[in-house]
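1394 is the number of the first residue of the sequence shown in this note's numbering; add one for each residue after it.
See below for the structure under consideration.
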Amino acid sequence: MENPPSLPDLIGQSPAFLDALTHASAVASINRPILVVGERGSGKELLAARIHFLSPRWDGPLVKLNCAAMNDELLESELFGHEAGAFTGASKKHRGRFERAEGGTLFLDEIASSSQRVQEKLLRVIEYGEYERVGGEQTINANVRIVAAANVDLRASARNGDFRADLLDRLAFDVVVAPPLRDRREDIPILAAHFANNMASELESAFPGFSAEAMALLIAHNWPGNVRELKNAAERAMFHWSINSEAAQIESVTIDPFDNAGVPIVEPSTLPSSDQDIPIKKQTALDTPIDLRAHLDEIEKSLVSAALSKNADNQKRTAEYLSLSYDQIRGLVRKHNLLGSRQRQ
Ligand SMILES: Nc1ncnc2c1ncn2[C@@H]1O[C@H](COP(=O)(O)OP(=O)(O)O)[C@@H](O)[C@H]1O
Ligand SMILES: [Mg+2]
1394 MENPPSLPDL
1404 IGQSPAFLDA
1414 LTHASAVASI
1424 NRPILVVGER
1434 GSGKELLAAR
1444 IHFLSPRWDG
1454 PLVKLNCAAM
1464 NDELLESELF
1474 GHEAGAFTGA
1484 SKKHRGRFER
1494 AEGGTLFLDE
1504 IASSSQRVQE
1514 KLLRVIEYGE
1524 YERVGGEQTI
1534 NANVRIVAAA
1544 NVDLRASARN
1554 GDFRADLLDR
1564 LAFDVVVAPP
1574 LRDRREDIPI
1584 LAAHFANNMA
1594 SELESAFPGF
1604 SAEAMALLIA
1614 HNWPGNVREL
1624 KNAAERAMFH
1634 WSINSEAAQI
1644 ESVTIDPFDN
1654 AGVPIVEPST
1664 LPSSDQDIPI
1674 KKQTALDTPI
1684 DLRAHLDEIE
1694 KSLVSAALSK
1704 NADNQKRTAE
1714 YLSLSYDQIR
1724 GLVRKHNLLG
1734 SRQRQ
């Protein structure tokens, strides 16, 4: 069966990410609220869209509202609508998001920010499918599925009394977890190439691939802003390369744009000399399938090899240089047969 038209493209192959996708697909068909949890930028909104488009409601509306984006009164009237004259400035009747999501899905982002009053009304819609507009008497029936997202620990909020425990029980019929990017670093090369590639098309340029050192930096970063932060970094790197493309590949990556240095990420002296050519595939653009593990192995090998050269083949110093234990560096040297091959040369 073909995917419904708007099923979002979710990139990633790591076990943690595939688990999240499988879970989102599995809960799609059940007509109950779902809670999607994860750090900012980890893909919660995309997972919510996946849940909607794989559900029987896929051809109904998918309406989104960020509960942190407005004050309590506005949130209430945005969700449930209001009657004309409900409050100062409410000159006309206003249809709420519930009405607009009729027959579809309502995605409530940052649900933890909603007021007690809104939480109470949400509980009632979930339990009885009914609510009133702000300032209204008439009870309206809602056929809307709620998918809520949170980037805070709602169980802790419920213990503190900041979030209604009964609402949490209802929302968390099932909980889909968007894993942080640092727990699925295998996905970084594909995601980075994907975003840089899109940026390249936008710039009517071609993505030249990331150098091994640039990719190693991307893989090593902790990504507190997760995929959103990586997307920005990859797009920025592609953009900078496009305006000053002397290098064959993208060698410089600025993760924090306030760090205005934008310096090459490995000092020239630490780069392997040209007679020790790095065995890295020159193309990281994913026009053709790649063997990710083999590619990462190659990056690992080239970096360990470069670090060994820099430290005169001293494994203890190389371990310190790469923030590894002595046993780890010995393991890597053996794995890639680094000193052996060099001694034979
Ligand atoms: N797996 C993924 N594949 C492609 N793009 C992704 C993926 N995860 C997140 N993104 C992109 O990263 C950004 C943040 O994702 P979003 O779903 O809004 O995160 P959250 O809702 O958790 O803050 C968006 O631009 C989104 O398109
Ligand atoms: Mg979001």
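Built from N, CA and C at the ideal position, the CB exists for glycine as well.
Go through the stretch 1538-1615 residue by residue and report every complete run of the alpha helix (DSSP H) that reaches 4 residues or more, in order.
Fully enclosed alpha helix (DSSP H) runs of 4 or longer: 1547-1553, 1558-1564, 1580-1595, 1605-1613.
Which residues bound the beta strand (DSSP E) around Asp1502?
From DSSP, the beta strand (DSSP E) with Asp1502 extends over 1498-1502.
Closest residue to Met1631 among Asp1546, Leu1596, Leu1696, Asp1706 (Cα-Cα distance)
Distance check between Met1631 and each of Asp1546, Leu1596, Leu1696, Asp1706 places Leu1596 closest, using alpha-carbon atoms only.
Between Pro1572, Ala1541, Val1697, which has its C-alpha nearest Glu1606's C-alpha?
The option with the nearest alpha carbon to Glu1606 is Val1697.
Bounding residues of the alpha helix (DSSP H) (the contiguous stretch that carries Thr1415):
Its alpha helix (DSSP H) spans residues 1408-1421.
Sorry if obvious, but does the Cβ on Phe1542 come closer than 8 Å to a heavy atom of ligand 2?
The sequence as given places Ala at residue 1542; Phe does not occur at that position. Within the cutoff, so yes.
For Arg1727 and Asp1555, what's the separation of their Cα atoms in angstroms?
When rounded, the distance between both Cα atoms is 54 Å.
In its own chain, which residues sit with a C-beta less than 8 Å from the C-beta of Ser1484, not counting the 5 before and 5 after it?
Taken in chain order, the residues that qualify are Ala1477, Gly1478.
Between Gly1489 and Ser1470, which are expected to be in contact by the criterion C-beta below 8 Å, what is the C-beta distance as a whole number of angstroms?
Between Gly1489 and Ser1470, the beta carbon gap of about 7 Å places them in contact (Cβ cut-off 8 Å).
Any chance the stretch 1581-1601 sits against the stretch 1430-1443, with 3 or more Cβ pairs inside 8 Å?
Taking 8 Å as the limit for Cβ pairs, the verdict is that the stretch 1430-1443 does not touch the stretch 1581-1601.
Val1646, DSSP secondary structure in three states
Val1646 falls in the coil class under three-state DSSP.
In whole angstroms, give me the CA-to-CA distance for Ala1494 and Asn1590.
Note on geometry: alpha-carbon atoms of Ala1494 and Asn1590 lie some 34 Å from one another.
Any idea if Gly1522 is buried or exposed, counting beta-carbon neighbours within 10 angstroms, 16 or more meaning buried?
Residue burial is scored here from C-beta neighbours: Gly1522 has fewer than 16 other C-beta atoms within 10 angstroms and is therefore classed as exposed.
Pick helix, strand or coil for His1475, following the three-state DSSP scheme.
Strand at His1475.
Assuming contact is defined by CB atoms lying nearer than 9 Å, are Val1646 and Leu1689 in contact in what I supplied?
Taking 9 Å as the Cβ cut-off, Val1646 and Leu1689 do not qualify as a contacting pair.
For Leu1731, the three-state DSSP class (helix, strand or coil):
Three-state DSSP puts Leu1731 in a helix.
What are the start and end residues of each continuous alpha helix (DSSP H) run of 4 or more residues lying completely inside the stretch 1688-1731, in chain order?
DSSP runs (the alpha helix (DSSP H)) wholly in the stretch 1688-1731: 1708-1714, 1719-1728.
Flag this pair as yes or no: are the beta carbons of Ile1636 and Ile1612 separated by less than 9 Å?
Not closer than 9 Å, so no.
Please state the DSSP three-state secondary structure of Leu1447.
Collapsing the DSSP output to three states places Leu1447 in coil.
Taking Leu1403 as the reference, which of Ala1571, Ala1542, Glu1639, Gln1512 has the closest Cα?
Nearest of Ala1571, Ala1542, Glu1639, Gln1512 to Leu1403, Cα basis: Ala1571.
According to the neighbour-count rule (16 or more other Cβ atoms, all chains shown, within 10 Å of its Cβ), is Tyr1524 buried or exposed?
By the 10 Å Cβ count, Tyr1524 comes out buried.
Could you check if Gln1512 is buried or exposed, using at least 16 other CB atoms within 10 Å of its CB as the buried criterion?
A residue is called buried when at least 16 other Cβ atoms come within 10 angstroms of its Cβ; Gln1512 meets this threshold and is buried.
Rounded Cβ spacing between Ala1541 and Leu1501 (contact assumed at less than 8 Å):
About 5 Å; that satisfies the 8 Å criterion.
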